[in-house]
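Take any residue in the sequence shown, count from 1 to its spot, add 1087: that is its number in the working numbering.
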Amino acid sequence: MESILIHPENSDQMKAVKAVLKALKVPFEHQPTPLPAHISSSIAKSMKQYDEGQTISIENFAAKHFSKK
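Structure representation (structure tokens):
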């Protein structure tokens, strides 16, 4: 028997595909896609900053990064 790879673009598509496969009693495996290395390193850096107390409020972030008109 053949296998197919399906690449849903969002969680709604994934839910629909799983529902159809379950309804048809087609066995399937879910294999999560790992995050790219640059994303993983950015997350690790941000978590370290949080652990070290290097945080700012949403209000301060908005004031710093968004211009007021």
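The C-beta atom is built at its ideal place from N, Cα and C for all residues, glycine as well. Given the structure is predicted, the values throughout are model-derived calculations rather than measurements.
Its Cα nearest to that of Leu1092, the residue His1117 stands out among Ala1106, Lys1102, Phe1148 and His1117.
A distance of 8 Å or more separates the beta carbons of Val1107 and Pro1095. DSSP places Lys1109 in the uninterrupted alpha helix (DSSP H) bounded by Ser1098 to Ala1110.
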